[in-house]
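A short write-up of the structure that comes next.
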Amino acid sequence: MSVSPPILEQLMAVIVDRKAQPRPNSYTNQLLADGVAKIGAKVQEEAAEVVEAAAEPGPEGRAHLIRETADVLYHLFVLLAHAGVPLAEVEAELARRFGISGLDEKAARGQKGAS
């Protein structure tokens with residue numbers, strides 16, 4: 019019995035494949051061709067929709083939040099693929115931060131920028 023990779027890895031693999039082997043009528047390829055400004059605008063739009071959905075009450079609000087979160091993750095992954103950044107590098111950064119106080123990590127970033 020084979021075990022499929024987690025869905026986020028599968029999604030990123032499809033996006034990277036679309037970049038390497040463009041397909042006609044592919045929304046992903048259209049975004050990749052439009053570049054950082056267009057992809058970034060979609061990330062911002064979808065992130066705003068996540069915030070709006072989070073404020074909606076009840077099961078409908080919850081379902082809306084889940085859908086919008088999926089949208090923002092997809093668009094972030096397209097942006098990463100466009101920039102040539104593998105998901106594994108983002109995962110490694112999250113792992114590096116794991117167990118570190120968010121306030122301590124943020125302060126350390128501020129000190130590096132001040133140098």
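Counting in this note's numbering, the sequence shown runs from 19 upward without gaps. Quick reminder that beta carbons are idealized off the backbone N, C-alpha and C, glycines included.
Pop quiz: residue i and residue j are said to be a contact at Cβ under 8 Å. What is the actual Cβ separation, rounded to whole angstroms?
i: Glu111; j: His93; result: With 8 Å as the limit, Glu111 and His93 do not qualify as a contact, their Cβ atoms being about 19 Å apart.
i: Leu50; j: Arg41; result: So it is not a contact: roughly 11 Å between Cβ atoms.
Between the beta-carbon of residue i and the beta-carbon of residue j, is there less than 9 Å?
i: Val90; j: Val68; result: yes
i: Leu83; j: Ala71; result: yes
i: Ala137; j: Gly79; result: Residue 137 lies beyond the range of the chain shown here (19 to 133); nothing can be said about it.
By how many angstroms is the C-alpha of residue j removed from the C-alpha of residue i?
i: Ala99; j: Met30; result: 8 Å
i: Ser44; j: Asp122; result: 42 Å
i: Lys56; j: Thr46; result: 12 Å
i: Ile25; j: Ala125; result: 33 Å
i: Val32; j: Pro23; result: 12 Å
i: Ala59; j: Gly53; result: 10 Å
i: Ala81; j: Pro75; result: 10 Å
Spatial neighbours of residue i within its chain, please: C-beta separation below 8 Å, excluding the five flanking residues on both sides.
i: Leu105; result: Leu26, Glu27, Met30, Phe95 and Leu98
i: Arg85; result: Ala71
i: Ala101; result: Val54
- In chain order, which alpha helix (DSSP H) runs of at least 4 residues are fully inside the segment 81-116? Counting only runs of 4 or more, we get 105-115.
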